[in-house]
Amino acid sequence: MTKAVFMNVKKEGEIQRVYNAPRMKKILETYEVYPEVLLPTELEKAKDFLAETELIFSTWGMPRISEEDIKTYFPKLKAVMYAAGSVKHFATQMLNCGVKVCSAVSLNAIPVAEYVFAQITLANKGLWGLLNRPVDERGAYSDNFPCNYGATVGLIGMGNIGRMVAKKLQALEIEVLVYDPYFDKSLEKEYRVTKVENLKEIFERADVISNHLPDIPELFGILTKEYFSLMKPYATFINTGRGREVVEEDLIAALTEVPTRTAVLDVTFPEPTTPDSPFRTMPNVILTPHIAGSKGGEIYRMADQMIEEAERVISGEPLKYEVDAATLARMA
2 MTKAVFMNVK
12 KEGEIQRVYN
22 APRMKKILET
32 YEVYPEVLLP
42 TELEKAKDFL
52 AETELIFSTW
62 GMPRISEEDI
72 KTYFPKLKAV
82 MYAAGSVKHF
92 ATQMLNCGVK
102 VCSAVSLNAI
112 PVAEYVFAQI
122 TLANKGLWGL
132 LNRPVDERGA
142 YSDNFPCNYG
152 ATVGLIGMGN
162 IGRMVAKKLQ
172 ALEIEVLVYD
182 PYFDKSLEKE
192 YRVTKVENLK
202 EIFERADVIS
212 NHLPDIPELF
222 GILTKEYFSL
232 MKPYATFINT
242 GRGREVVEED
252 LIAALTEVPT
262 RTAVLDVTFP
272 EPTTPDSPFR
282 TMPNVILTPH
292 IAGSKGGEIY
302 RMADQMIEEA
312 ERVISGEPLK
322 YEVDAATLAR
332 MA
């Protein structure tokens, strides 16, 4: 029977939450599994079992293992099944050792896209601005917003989430602009979007701007006052990407200068915000606690697909969720 191990930085917590009792039962019936969640400090203790281990199951909290330790303790390892999003913190070492990395990042993208679609439709109705005004003034204030017929939405980044959002926006009669140097212009028709070459155009033209850039060093601090100052008076900026891409003092300045602008921030940097962050008290900022990704029952979708992917690994079938080096370089 194929041997497998659950790995995490904690004995209790994420593994049990994501791989709940029914999922755990299926894995235990299919594989010979190490009897406890393995910590990265316990490799020597488990070395005899690990010498025959072919699969690692994990999720948030997967430790980074050095190439030396992978070669020493996991000589037969075939794949890591990661029931969560980005694998950037541990995948390079695995790939360098010839170990496949399978990630549920595209599955975690589904609830993010749903969250963004909901926020866009509400922002175009002016909901968040209305909530901070007396009830009797809300009707007149709402007349400043385009609603969802003929509005313009700007998507920054067209990876998994950006593309899912674009597909969902096809249900609305709106114009969708996208900025992503890697997005093939030939796909405009399929996604019903218009690719723009200048990020400024997104901020100048869009009623709602949604950030979906990957969390890579060259993009840290890319969103500055140069762009935020171009936002329309009643525009909304949504961030479900990463907080490091935003120069927060510049966003704060733009929202302060034109208080009818709004920001919906599911991510910040640091996260959560510092106790003295203006974001906590600004009436035109909506902070949500990184809830756009998989929560509640949504996490089981990721576990289910990683369980199925593991079966494909062992049977030699084509994989659906494998992350290669090129994909990793562009991953959030």
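Start counting the sequence shown at 2; every next residue gets the next number (the working numbering).
No residue lacks a Cβ here, since even glycine has one placed at the ideal position from N, Cα and C.
Own chain residues within Cβ distance below 7 Å of residue 1, not counting five before or after: There is no way to answer for residue 1, as the model of the chain reaches only from 2 to 333.
Tell me which same chain residues have a C-beta within less than 6 Å of the C-beta of residue 217, skipping the five on either side of it? none
Under 8 Å: do the region 68-83 and the region 92-107 share three or more Cβ pairs, one atom per stretch? yes
Which listed residue (241, 254, 206) has its alpha carbon closest to that of residue 225: 254
So, are the CB atoms of residue 214 and residue 157 less than 8 Å apart? yes
When you compare the CB positions of residue 244 and residue 269, do they come within less than 8 Å of one another, or not? yes
Inter-stretch contact at 8 Å, needing at least 3 Cβ pairs: the region 2-22 / the region 41-59: yes
Just verifying my parser: in three-state terms, what is the DSSP assignment at residue 13? coil
Quick check: the Cα distance between residue 106 and residue 179, rounded to an integer number of angstroms? 21 Å
Exposure of residue 49, with buried meaning 16 or more beta-carbon neighbours within 10 Å: exposed
Inspect the beta-carbon positions of residue 23 and residue 295 and report whether they are closer than 8 Å. no
Using a threshold of 7 Å, is the CB atom of residue 25 nearer than that to any non-hydrogen atom of the ligand ZN? Absence of the ligand ZN from the depicted structure is noted, as is the absence of any ligand whatsoever, leaving it without description.
In three-state DSSP terms, what is residue 163? helix
Runs of 3 residues minimum, wholly inside the region 110-186: which ones carry the beta strand (DSSP E) assignment? 150-157, 174-180
Which residues does DSSP pair with residue 38 in a beta bridge? None; residue 38 has no bridge partner.
Around the C-beta of residue 153, are 16 or more other C-beta atoms found within 10 angstroms, so that it is buried, or is it exposed? buried
Is the distance from the Cβ of residue 70 to the Cβ of residue 44 below 8 Å? yes
So if DSSP puts residue 8 in a beta bridge, which residue, or which two residues, is it bridged to? 39
Considering only residues of the same chain and omitting the five flanking positions on each side of residue 61, which have a CB-CB separation below 6 Å? 15, 85
Let me check understanding here. Comparing Cα to Cα, which of 65, 279, 21 lies closest to residue 302? 21
Name the two residues that bound the continuous beta strand (DSSP E) containing residue 238. 237-240
Contact check, residue 185 vs residue 125, beta carbons under 8 Å: no
Of the residues 12, 13, 26, the one placed nearest residue 304, counting alpha carbons only: 26
Using a threshold of 8 Å, state whether the C-beta atoms of residue 174 and residue 151 are closer than that. yes
Look at the Cβ atom of residue 266, then the Cβ atom of residue 231, and state whether they are nearer than 8 Å. no
On the three-state DSSP scale, how would you describe residue 204? helix
Around the Cβ of residue 18, are there at least 16 other Cβ atoms within 10 angstroms (buried) or fewer (exposed)? exposed
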